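Below is one structure, written out as structure tokens; comments come after it.
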Amino acid sequence: MDKDRINEYAKGWNAAQLNRALPPTGELIGAIGYRDAKSTRPRRAKAKAKAKAIPQRTEGWRFAGAAGRFHVWHAGKNDYRLTDGAHGPVTRTSDQFGIAYACASRLYDLDRLGIAQ
24 MDKDRINEYA KGWNAAQLNR ALPPTGELIG AIGYRDAKST RPRRAKAKAK
74 AKAIPQRTEG WRFAGAAGRF HVWHAGKNDY RLTDGAHGPV TRTSDQFGIA
124 YACASRLYDL DRLGIAQ
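Everything in the sequence shown is counted per our numbering, starting at 24 for the first residue and increasing by one.
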């Protein structure tokens, strides 16, 4: 009985929602959900998502924190470098991202408070 109910549900309301036309005053969220449900080219959407450029430097990808005051760069496997700003010198290195980010946050807090390290 439950199996029949699920099959009928799939043929009924869901199918009607996917095939309905959007009203001209449809809300943005409804339009986004409708577009995603009716997407006929999911591969193209995935390719566009992958094509977004990641900021690069010789060290590799970066993570900026504190409005760009510090950056944690991924130089390779288990190699993270902390710099002051986007193009500053490397101040510390770490083998784990979490530790590098914590050090960067601590240095930023000390700098903001005016404590020399």
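C-beta atoms are modelled at their ideal positions from N, C-alpha and C, and glycine is treated no differently. The structure displayed is predicted, hence computed values, not measured ones.
In the DSSP assignment, what are the bridge partners of residue i?
i      : result
Gly99  : Asp102
Ser117 : Tyr103
Can you give the Cα-Cα distance for residue i and residue j, rounded to whole angstroms?
i      : j      : result
Gly121 : Arg115 : 13 angstroms
Gly111 : Tyr124 : 16 angstroms
Leu130 : Gln119 : 17 angstroms
Gly99  : Leu105 : 13 angstroms
Asp132 : Cys126 : 10 angstroms
Val113 : Asn101 : 16 angstroms
His94  : Asp107 : 7 angstroms
Trp96  : Ala109 : 10 angstroms
Tyr103 : Ser128 : 14 angstroms
Ile55  : Ser117 : Note on Ile55: pLDDT 48, under 50, position unreliable in the model; the coordinate value appears next. In a straight line, the C-alpha of Ile55 is about 42 angstroms away from that of Ser117.
Within the present structure, is the beta-carbon of residue i separated from the nearest heavy atom of the ligand SAH by less than 7 angstroms?
i      : result
Ile122 : The ligand SAH is not part of this structure, which contains no ligands at all.
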